[in-house]
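A short worksheet on the structure shown next.
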Amino acid sequence: MPLRRNTNALPRSSGKHIFLPKFIKLEFRIIILNYFTIEFDQFSGCNQKTYTMKLLKLLSICLIFFTCWNLSAQNDYYIYVSDAGGFNVDGPWQIIRYDLDGSNPLVLVDDTFFESENIGWPQDILFLEDQNVMLVSCLVGNRITKHNAQTGAYIEDFASVPGGPTRMKLGDDGFIYVVQWSNTDNKILRFQEDGTLEGAYTNIGVGTGIGIDWDSTGNLYITSYGGNAVKQFDDTGVSQGDFIDSNLNGPTNVHVEDNGNFLVLNWGGGDVVRFDSSGNFLEIFTNAVSQPEGIAPHPSGGYLIGNGGNASIDLFMEDGTFVDNVVESGSSGLVQPNAVVLRDATLGVGAVKKDKKIIVIPSVGTFFQLHTQHSLSIESLELFNLQGQKVASLPLEKNTWDASNLQEGVYFLKGTSSEDTYLQKIVVKK
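Going by my numbering, the letters in the sequence shown line up with residues -3 to 426, in that order.
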């Protein structure tokens, strides 16, 4: 069992560590913390009494909304976590789903399955929404397995990966990119969504590769756990060398923020570090974690981060201030979070119609038109990104839709009628 410590007792290096009672719903605690942080920064000369009065005033307002929220709110997102079981060679391993507030844990794939298939040490979780499929990469056994996205039931193997699959990510080109752990067989692989291998994408490999992301220009970034570096590749897969090679100690995930900055999770160093768009060190985002692995943007702002040393999933504001143990230590037997994935809950309700309708035409571009014949029965139309997060609700009264404000990439349109749900994959290409 790994050493565990209570992150509630660990202050952030900047000193920003504000405690609020758990009866206040998580979303409102984030609002309160954001407000109070701004007040703290702008009125640092005020005394403690002034701050207390400001906070009590906002608490009163939020408690009113909190009451209304509990009467009407629905759970809009699920948190999916892969559990590496303390990195023991025989588990226990599992894939767990939680509500956004960390409640109602459900084991979708249990240790019995991994043992029966002679696989284990689950690394990452990836959803193929138009197939109603969840992929799980397994380092033990060198396989990626395919499961029902709602129930977790095993369907078949997706692919065999000789170098041991770690992270998986859907690219803007519609291919699935897979990072390999091996020190010898370790180029980044590219697969079609049916599991067909396209081949190696990068011209060289990355030993102990474990993190993947892209910047807005299409450059690819891979973390090397053993090499203590973030490697950069251009948009054709050609190596550009080390992008970050300092302030790293056993890096796992790399995440490119909306503003172009980078967050890198240091598993060995017990912190999360922020770098600028050129790879220069900016700050320690937080050191209130131990063995961090797995990161997902929270819909209310900030980040969910897997805290391996505490066996929890923790929420941090965008400036690194600790908010809460959203998934509390050991919930549903959680031992060692390896991946943290957020998915819109509405994509997990009901079955998707297999004979997909063409909702809009064309399927590639920035200007789309509703397909009149097929859209008549649709009552709502929503757009989701590859992470399963809702980007927009589209008005049905308009026959056209301009997507030029979106980033280029692959999206899913979800059309819902009184009887069925349909998904159409589209590509925004400028």
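Note that beta-carbon positions come from the ideal geometry of N, C-alpha and C, so glycine has one too.
As the structure is a prediction and not an experimental result, all values here were calculated from the model.
Taking 9 Å as the threshold (C-beta atoms), are T396 and L366 in contact? yes
Whole-angstrom C-beta distance between R270 and G207, which should lie under 8 Å: Their Cβ separation, rounded to whole angstroms, is 15 Å, which puts G207 and R270 out of contact at 8 Å.
Can K410 and T342 be called in contact, C-beta distance under 9 Å? yes
Please list, in chain order, all residues of the same chain as Q383 whose beta carbon is under 7 Å from its beta carbon, the five residues on each side excluded. L338
Within the chosen definition, does the stretch 165 to 180 reach the stretch 92 to 106 through at least 3 CB pairs nearer than 8 Å? no
Separation of T248 from P288, as counted between CA atoms: 8 Å
Under a Cβ-count criterion, where at least 16 other Cβ atoms within 10 Å of its own Cβ denotes burial, should Q119 be classed as buried or exposed? buried
Could you name the residues of the same chain whose beta carbon sits closer than 7 Å to that of V406, not counting the 5 residues immediately before and after it, in chain order? L166, D168, G170, L382, K421 and V423
Take T282 as the anchor and find which of L392, V175 and G316 has the nearest alpha-carbon. G316
Residue range of the beta strand (DSSP E) that includes S389: K386 to S389
Three-way DSSP call (helix, strand, coil) for A341 in this model: helix
Taking the beta carbon of A149 as the centre, do at least 16 other beta carbons fall within 10 Å, making it buried, or is it exposed? exposed
Nearest-angstrom Cα separation, counted from S156 out to D181: 13 Å
Segments assigned beta strand (DSSP E), at least 3 residues, entirely inside the stretch 244 to 313: 247 to 252, 258 to 262, 267 to 271, 277 to 282, 288 to 293, 299 to 303 and 308 to 312
What residue range is occupied by the uninterrupted beta strand (DSSP E) comprising F110? Here F110 belongs to no beta strand (DSSP E); instead the alpha helix (DSSP H) covers D107 to S112.
Taking the continuous beta strand (DSSP E) assigned at V323, which residues delimit it? F318 to V323
Check for me: the beta strand (DSSP E) holding S235 runs from which residue to which? S235 to I240
Report all residues from its chain with a CB closer than 6 Å to the CB of F154; omit the five preceding and five following residues, and keep chain order. L131, I140, K142 and G191
Can you give me the Cβ contacts of N224 inside the same chain, cut-off strictly under 6 Å, excluding the 5 residues immediately before and after it? L244
For G159, which residues from the same chain have a beta carbon less than 7 Å from its beta carbon, with the 5 sequence-adjacent residues on both sides left out? Q176, W177, S178, D181 and N182
List the whole-angstrom C-beta distance separating G98 from V323, where the pair is believed to meet the contact cut-off of C-beta under 8 Å. 4 Å
Under the three-state DSSP convention, the category F187 falls into: strand
Identify which residue in P391, W263 and F239 has its Cα closest to the Cα of V252. F239
CA-to-CA distance, T417 to D79, given in whole angstroms: 31 Å
Smallest Cα separation from L419: which of I374, I200 and Y74? I374
Can you tell me where the beta strand (DSSP E) holding T219 begins and where it ends? L216 to S220
Taking the C-alpha atoms as reference points, what is the distance between V260 and L122? 20 Å
Please look up how many angstroms separate the CB atoms of P88 and G329, rounded, as I've assumed it's under 8 Å. 7 Å
Burial state of N114 (16 or more Cβ within 10 Å): exposed
Going by C-alpha to C-alpha distance, which of F187, G237, E404 and F408 sits closest to T213? E404
With H, G and I counted as helix, E and B as strand and the rest as coil, what does DSSP make of S78? strand
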